[in-house]
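Below is one structure; the comments refer to it alone.
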Amino acid sequence: NAGVTQTPKFQVLKTGQSMTLQCAQDMNHNSMYWYRQDPGMGLRLIYYSASEGTTDKGEVPNGYNVSRLNKREFSLRLESAAPSQTSVYFCASRADRERGNQPQHFGDGTRLSIL
Amino acid sequence: GQSLEQPSEVTAVEGAIVQINCTYQTSGFYGLSWYQQHDGGAPTFLSYNALDGLEETGRFSSFLSRSDSYGYLLLQELQMKDSASYFCASSGDSSYKLIFGSGTRLLVRP
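As they're listed, the protein sequences go chains A and B.
Here my numbering = 1-based position in the first sequence + 714.
Here my numbering = 1-based position in the second sequence + 634.
Set out below in structure tokens:
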């Protein structure tokens, strides 16, 4: 039972390069999320998908795009990477569409450095 | 907008009790959650309060007062492994979203 799987775990990019971070969950969850976490900071919501076929902006969506490919997969794309996007990126999923008491399950993170 | 405020650091002694506070301002409210994150790890869910009062889960308890826009996480019988960052989180204008506070780093000393 893998839970939430993120790939890659580490990546170094040059400014201006593009990249897609992959996330897949095997728990049949409806909602999926992308966060970034800067050193010593909390998690900031980039985008989320309440259900297959829908995506919405979070707190810090600029510079990112997402795709909810199917119920299992939710990818995050950086079209033109900038040093300010150096961060740890976490993907998460949650079971129910509307119940706040359902916990979010997180992947292990992708550590992204942009030079 | 939404914001959740927590102390940045708390230090306590092994075996003691510690309380981590969280005050929030949100345009809507669907409950307050707590997550734990060890250094280099992923956040893991600890507790959730939708209604006022205390929720207990083993050594951890969480409290909510909606009229005061305030909650806390109580950790009892502290162990060294409890050294971690603790985040409160709330859904604001959408029940699907979860917005996190900046986290409280707990250091447990022998």
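Just so you know, even glycine gets a beta-carbon here, dropped at the ideal spot from N, CA and C.
Computed from a predicted model, the values in this text were never measured in an experiment.
Where the beta strand (DSSP E) containing A:Ala806 begins and where it ends: Per DSSP, A:Ala806 belongs to the beta strand (DSSP E) from 801 to 808.
Meets three-Cβ-pair contact criterion under 8 Å: the segment 748 to 767 of chain A and the segment 643 to 661 of chain B: no
The segment 723 to 736 of chain A in contact with the segment 790 to 801 of chain A per 3-pair CB rule at 8 Å: yes
Under the three-state DSSP convention, the category A:Lys771 falls into: Reduced to three states, the DSSP call for A:Lys771 is strand.
Residue(s) in a DSSP beta bridge with B:Ser589: As shown, chain B starts at 635 and ends at 744. That puts residue 589 of chain B outside it, with no answer to give.
Counterpart residues of B:Gly687 in DSSP-defined beta bridges: B:Leu698
Where A:Ser732 sits in the DSSP three-state scheme: coil
Spatially closest choice to B:Ser701 from B:Arg743, B:Ile651, B:Phe663, B:Gln636, by CA coordinates: B:Phe663
For B:Met714, three-class secondary structure by DSSP: helix
Rounded C-alpha distance that separates B:Gly649 from B:Gln713: 6 Å
Which listed residue (A:Arg808, A:Cys737, A:His819, A:Ala809) has its alpha carbon closest to that of A:Leu783: A:Cys737
Three-state secondary structure (DSSP) of A:Ser798: In this structure, DSSP gives A:Ser798 a helical state, which the three-state scheme calls helix.
Straight-line gap, B:Thr738 to B:Gln636 (C-alpha atoms, nearest Å): 18 Å
Amino acids of chain A, ordered along the chain, whose beta-carbon sits closer than 9 Å to that of B:Ser736: Gly754, Met755, Gly756
Opposing strand residues paired with B:Gly705 [DSSP bridges]: B:Cys656, B:Leu698
Boundaries of the beta strand (DSSP E) in which B:Ala646 is found, first to last residue: 643 to 647
Length of the line joining the Cα atoms of A:Val718 and A:Ser765: 16 Å
Which listed residue (B:Phe734, B:Pro744, B:Gln670) has its alpha carbon closest to that of B:Thr660: B:Phe734
At least three beta-carbon pairs within less than 8 Å, the segment 667 to 677 of chain B to the segment 715 to 724 of chain B: yes
Spatial distance of B:Asn683 from A:Met755 (CA atoms): 23 Å
Exposed unless 16 or more other CB atoms sit within 10 angstroms - verdict on B:Asp686: So B:Asp686 counts as exposed.
Secondary structure of B:Ile733, DSSP reduced to three states: strand
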